[in-house]
DNA sequence: GACTGACCAATTTGGTTCTTCAGTCAGCAT
DNA sequence: ATGCTGACTGAAGAACCAAATTGGTCAGTC
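Chains as they are written, first to last, in the numbering used here: chain L, 95 to 320; chain B, 95 to 320.
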């Protein structure tokens, strides 16, 4: 039930944007009464926050599968390359990452959902970086260098926000992802290639971290849906 | 006279933003009639475009002075560090770089001024990069790698646009500039330190490029002012 | 001949009414 | 009871229009 409502909300917000999507529309499309929506979420904002949360849970699951298939995927530049492509291919996440106010409206600025979603992401990124460093996959110690997280955020943010600028974007999406990967590998990773053993070690530890995070995300959603 | 009008326009736009600043206000503050403004500029948009152009001319002059004082300043990470600080310390340029729509309004999106200003900057950056590469100060050949300019834009853009995001900005301005410099040095420059001789060579060539550009910017301004 | 400010068309603003929508809750169906 | 619904309400927003501003012009002044 909750999942059906989320499906409806997602489809509508992608098509019409947050502001122009009414709770009534969502309920009708899901084939339930409006009151039912409020049985699961306290407000419109939190409903759409859940849509975002579900998207990020789906992306996390993809990421997890890729790491399991190839431990090399844990490396910062590989992981971020993949994340970049995932986000850019999902209209909602792309709207969020590129700060598309027309689509997300207040959902972007509201202190709930939107921002909490990002701060959660940042916090987990910090833990991810700590693990990478422990396994020698990061050039600098994130614990010793408070600016590291800022540097990484800036480097990644640029790739997303340059998207909205015309004239600069005549590269394919894959090319842009490669560009981001190159920058990250050189700016944040050690010069030497890691051994397969190292990668497996980091992968197993990160798998656990990801799975914990997946559980946390699932807990934030009403019902036990995908 | 043109300079006095530009001074007035600059002061007012910093304080009230483009939309809330009227041409009448500017004229009155400059102590001239409104018609006089239209003797120098064909429209409000171009008047404020000139304000932006003058700012960038001033920054270019500063940059030039620094390169003359220390040829090491031509290195990409040093140059961009300095540019970052210059822009962030000037309210107008900062508003432009951080896409502050409240201050710049249509001045940002209009096909004149704003955008032409940026495309000019990008074009010159391409020439700047070619010179750096020729002198061995850049890891990759910008002519052979069309994504290089994109990579650089993304890396720099991130530093500027992260500014508007709360929670991430608890570093000092200098720290952020250092962070940008670190990322750029590692991601775009050769690992080896350049020799003083190399730097002097690049500096003299770039000085010429900068001076050419300064002339071009001055030509775009009415009158022969600062 | 350099400069001005009253003037005009076009946009913006302020105020008012009418509509829509987020959120609630009494009641229906099962 | 229990799970769900959709009519209801106040508040926010759209639509409308008259009045005020403002970008740009040009006949006239110094």
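Glycine is no exception: its CB is placed at the ideal position from the N, C-alpha and C atoms.
On the CB-based measure, 16 or more other CB atoms within 10 Å of its CB, does residue i come out buried or exposed?
i	result
residue 290 of chain B	exposed
residue 145 of chain B	buried
residue 270 of chain B	buried
residue 306 of chain B	exposed
residue 104 of chain B	buried
residue 114 of chain B	exposed
residue 251 of chain L	buried
residue 286 of chain L	exposed
residue 102 of chain B	buried
Would you kindly work out how many angstroms separate the C-alpha atoms of residue i and residue j, rounded to a whole number?
i	j	result
residue 131 of chain L	residue 154 of chain B	58 angstroms
residue 119 of chain L	residue 188 of chain L	23 angstroms
residue 295 of chain B	residue 192 of chain B	34 angstroms
residue 98 of chain L	residue 124 of chain L	6 angstroms
residue 316 of chain B	residue 288 of chain B	41 angstroms
residue 219 of chain B	residue 255 of chain L	20 angstroms
residue 227 of chain B	residue 277 of chain L	17 angstroms
residue 197 of chain B	residue 237 of chain B	37 angstroms
residue 135 of chain L	residue 173 of chain L	33 angstroms
residue 274 of chain L	residue 253 of chain L	7 angstroms
residue 201 of chain L	residue 259 of chain B	15 angstroms
residue 108 of chain L	residue 264 of chain B	34 angstroms
residue 245 of chain L	residue 133 of chain L	42 angstroms
residue 143 of chain B	residue 224 of chain B	28 angstroms
residue 190 of chain B	residue 204 of chain B	13 angstroms
residue 239 of chain B	residue 222 of chain B	15 angstroms
residue 186 of chain L	residue 126 of chain B	52 angstroms
residue 162 of chain L	residue 140 of chain B	57 angstroms
residue 184 of chain L	residue 194 of chain B	27 angstroms
residue 241 of chain L	residue 310 of chain L	27 angstroms
Hey, residue i and residue j are a contact pair by Cβ (cut 8 angstroms); roughly how many whole angstroms apart?
i	j	result
residue 300 of chain B	residue 232 of chain B	In fact, because the Cβ distance is near 12 angstroms, the residues do not count as touching under 8 angstroms.
residue 168 of chain B	residue 138 of chain B	Not really, about 38 angstroms apart at Cβ, beyond 8 angstroms.
residue 214 of chain L	residue 292 of chain L	The pair is not a contact, with the Cβ atoms about 28 angstroms apart (cut-off 8 angstroms).
Under 7 angstroms Cβ to Cβ from residue i, same chain only, skipping five residues before and after it: list those, please.
i	result
residue 281 of chain L	249
residue 267 of chain L	179, 182
residue 156 of chain L	180
residue 129 of chain L	none
residue 160 of chain B	167, 176
residue 314 of chain B	147
Whose C-beta lies closer than 6 angstroms to the C-beta of residue i among residues of the same chain, with five residues either side of it excluded?
i	result
residue 308 of chain L	154
residue 284 of chain B	233
residue 165 of chain B	293, 294, 297
residue 235 of chain B	227
residue 279 of chain L	171
Tell me which residues share the same chain as residue i and place their Cβ nearer than 8 angstroms to its Cβ, disregarding the 5 neighbours each side in the sequence.
i	result
residue 319 of chain B	For residue 319 of chain B, the predicted model reports a pLDDT of 43, less than 50, meaning its position is unreliable; a value from the coordinates is still stated below. Within the same chain, residue 319 of chain B has close Cβ partners 96, 97, 100, 148.
residue 216 of chain B	243, 247
residue 158 of chain B	301, 304, 305, 308
residue 111 of chain B	196, 197, 198, 199
residue 106 of chain B	115, 119, 120, 123
residue 272 of chain L	175
Looking at the ligand ZN, does it come within less than 7 angstroms of residue i, judged from the CB to the closest heavy atom?
i	result
residue 293 of chain B	The ligand ZN is not part of the structure shown, which contains no ligands of any sort.
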